[in-house]
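Each residue of the sequence shown is one higher than the one before, counting from 61 in this note's numbering.
Notes follow once the structure below has been shown.
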Amino acid sequence: MRLCTCQSGYEATLTRELEAGGVAVVEQGPGWVIAGAGGAEAGEPVFAHAVLIDPVELKAGSVNPLAQAVFEYFAGSLEGERIVEAWPCVFAGAGEAAGLGRRVSAVEHAFRELLRHRMGRLAKLASPALPRGIGPVRGLFVWFTDFGRGFAARTAWRGGQRRMADDPLAPSRSYLKVEEAYGVIGAEPRPGETVCDLGAAPGGWSYSAAKRGARVVAVDNGPLKGGALHHPGVEPRAEDAFRFAPAPGAAFDWLFCDLVEEPHHVLSAIVQPWLSRHWCRRFVVNFKLGRVDPIGLLRELRAAASPLVTDATQVRIRHLYHDRDEFTVTGEVRP
Numbered sequence: 061m062r063l064c065t066c067q068s069g070y071e072a073t074l075t076r077e078l079e080a081g082g083v084a085v086v087e088q089g090p091g092w093v094i095a096g097a098g099g100a101e102a103g104e105p106v107f108a109h110a111v112l113i114d115p116v117e118l119k120a121g122s123v124n125p126l127a128q129a130v131f132e133y134f135a136g137s138l139e140g141e142r143i144v145e146a147w148p149c150v151f152a153g154a155g156e157a158a159g160l161g162r163r164v165s166a167v168e169h170a171f172r173e174l175l176r177h178r179m180g181r182l183a184k185l186a187s188p189a190l191p192r193g194i195g196p197v198r199g200l201f202v203w204f205t206d207f208g209r210g211f212a213a214r215t216a217w218r219g220g221q222r223r224m225a226d227d228p229l230a231p232s233r234s235y236l237k238v239e240e241a242y243g244v245i246g247a248e249p250r251p252g253e254t255v256c257d258l259g260a261a262p263g264g265w266s267y268s269a270a271k272r273g274a275r276v277v278a279v280d281n282g283p284l285k286g287g288a289l290h291h292p293g294v295e296p297r298a299e300d301a302f303r304f305a306p307a308p309g310a311a312f313d314w315l316f317c318d319l320v321e322e323p324h325h326v327l328s329a330i331v332q333p334w335l336s337r338h339w340c341r342r343f344v345v346n347f348k349l350g351r352v353d354p355i356g357l358l359r360e361l362r363a364a365a366s367p368l369v370t371d372a373t374q375v376r377i378r379h380l381y382h383d384r385d386e387f388t389v390t391g392e393v394r395p
């Protein structure tokens, strides 16, 4: 069994994604989906932010019994295991339930008190934050679906999504999406690297790269604003993003693309030529879903003939914390 967390409102989409991968869904609620056995694990779920692996269900009517149940589960799982460095001890819950956050905090506090009294050394090493990165991580992960019911697991898979800090100079909230995407691709623009930002205005992604010392060509007929406007590292080009191409023999280190356009058009008119002609080395591209079926689009992006398969590697598709009705694709161009 797995408990998958997601952005509230996308439970049905995550359910469809899992079921399309052959995974049976048992139950869902605001911000979570419980998947049973079977299927092929659906790879790295696009719409899942984290997945608790083989969780146990814990039920109790009040804070202290819940904390005791979590402690007993954790203590019983430690046989043969020696923890000698910082480990994640993460408590969370469905954000839509009024007051549930206070209950989760109270249970976490009571659990930590039990841990401090009975396993003082481990208590000192416990960290309340999910560590950065992608893939499985060992620790203690507790997710509450309601006031008297939680799930605890020792292993969780991380999709790489996380809330990012805003920058007062960023000209739009889209800045947060590319900042988050760096954690998914495992890299970010460096001083001296070149970035082409297609559909740049008002400049959130361009500003993000330029403030790291990259040289940005910002392609858009619309105006730049905020920190992107007049930035010495940003060269605005009032051109059509779908027609722009590097100079003959030239290439960019990064392709950024966050266009409000139909995703198939973006795939065929931008992603395919930029990847197949090696016009960039890495890419971060947003696909707006709109009226497009997200599961059907994922199937197309992963098909054998897709440029993300034929011309790219290390491709990751994520519904980011800061994404709305869209998802973000990162990767590298095949040498």
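Positions of the beta carbon are idealized from the N, C-alpha and C atoms, including for glycine.
Handout entry: Member of Arg214, Cys149 and Val276 whose CA lies at the smallest distance from the CA of Lys184
Key = Cys149
Handout entry: DSSP state of Pro209 mapped onto helix, strand, coil
Key = According to the sequence as given, residue 209 is Arg; it is not Pro. Note: Arg209 maps to strand in three-state DSSP.
Exercise for the section: Give the C-beta separation of Ser234 and Gly282 to the nearest angstrom, bearing in mind that I take them to be a contact with Cβ-Cβ under 8 Å. Expected result: Not quite, the Cβ-Cβ distance comes to about 13 Å (not below 8 Å), so this is no contact.
Problem - Separation of Gly155 from Pro90, as counted between CA atoms - result: 7 Å
Problem - Segment contact, 8 Å Cβ cut-off, at least three pairs: the segment 215-223 with the segment 104-112 - result: yes
Problem - Three-pair Cβ contact test at 8 Å for the segment 255-269 versus the segment 361-369 - result: They do not touch, by the three-pair rule.
Exercise for the section: Give the DSSP-derived three-state secondary structure of Ser165 in the structure shown. Expected result: helix
Problem - Per-residue DSSP class, three states only, for Phe304 - result: When DSSP states are grouped into helix, strand and coil, Phe304 belongs to the coil group.
Handout entry: Beta-carbon separation (whole angstroms), Arg163 vs Phe204, contact threshold 8 Å
Key = 7 Å
Exercise for the section: Can you tell me which of Leu358, Pro395 and Asp318 puts its alpha carbon nearest to the alpha carbon of Gly81? Expected result: Leu358
Problem - Whole-angstrom C-beta distance between His291 and Ala270, which should lie under 8 Å - result: The Cβ separation is near 5 Å, so the contact holds.
Handout entry: Where Lys119 falls, given that 16 or more other Cβ within 10 Å makes a residue buried
Key = exposed
Exercise for the section: Find out if the Cβ-Cβ distance for the pair Trp334, Leu361 is shorter than 9 Å. Expected result: Between Trp334 and Leu361, the gap from beta carbon to beta carbon reaches 9 Å or more.
Handout entry: Paired residues, beta bridge with Thr65 - DSSP
Key = Bridge partners of Thr65: Trp92 and Ala110.
Exercise for the section: Return the residue from the list Ala305, Ala230, Ser187 and Ala110 that minimises the CA-CA distance to Gly153. Expected result: Ala110
Problem - Whether Arg341 touches Glu392 by CB criterion (9 Å) - result: yes
Practice task
Note down the Cα distance separating Glu79 from Gly293, rounded to an integer number of angstroms.
Solution key: 46 Å
Handout entry: Euclidean distance between Cα positions of Met179 and Arg223
Key = 31 Å
Practice task
Determine the direct distance from the alpha carbon of Arg394 to that of Ala372, and round the result to whole angstroms.
Solution key: 5 Å
Handout entry: Buried/exposed call for Gln221, threshold 16 Cβ in 10 Å
Key = buried
Problem - CA nearest to the CA of Leu190, picked from Trp147, Phe207 and Glu168 - result: The option with the nearest alpha carbon to Leu190 is Trp147.
Exercise for the section: Report the three-state DSSP secondary structure of Ala274 (helix, strand or coil). Expected result: coil
Problem - Buried versus exposed call for Pro308 [16 or more other C-beta atoms within 10 Å across all chains shown] - result: exposed
Problem - Separation of Asp114 from Leu63, as counted between CA atoms - result: Cα-Cα distance, rounded: 8 Å.
Handout entry: Outcome for Leu284 when other beta-carbon atoms lying within 10 angstroms are tallied against a minimum of 16
Key = The residue in question, Leu284, is buried, as its Cβ has 16 or more Cβ neighbours within 10 Å.
Practice task
Answer with buried or exposed for Ala84, where buried requires no fewer than 16 other C-beta atoms within 10 angstroms of its C-beta.
Solution key: Exposed, because fewer than 16 other Cβ atoms sit within 10 Å of the Cβ of Ala84.
Practice task
Drop a sphere of 10 angstroms on the beta-carbon of His379, count the other beta-carbons inside from all chains shown, and report buried for 16 or more, exposed for fewer.
Solution key: Answer is buried; the Cβ neighbour count reaches 16.
Exercise for the section: Output the residue ranges of the beta strand (DSSP E) runs that lie fully inside the segment 301-379 and measure 3 residues or longer, sorted by chain position. Expected result: 312-317, 340-348 and 372-378
Practice task
Compare the Cα-Cα distances from Tyr70 to each of Thr390, Arg384 and Thr388 and report the closest residue.
Solution key: Arg384
Practice task
Thinking Ala212 and Val116 are a contact (beta carbons under 8 Å), I'd like their distance in whole angstroms, please.
Solution key: 6 Å
Handout entry: Helix, strand or coil at Arg223 according to DSSP, with G and I counted as helix
Key = Looking at Arg223 - three-state DSSP - the assignment turns out to be coil, as it is neither helix nor strand.
Handout entry: Ile245 versus Asp313 - alpha carbon distance
Key = 14 Å
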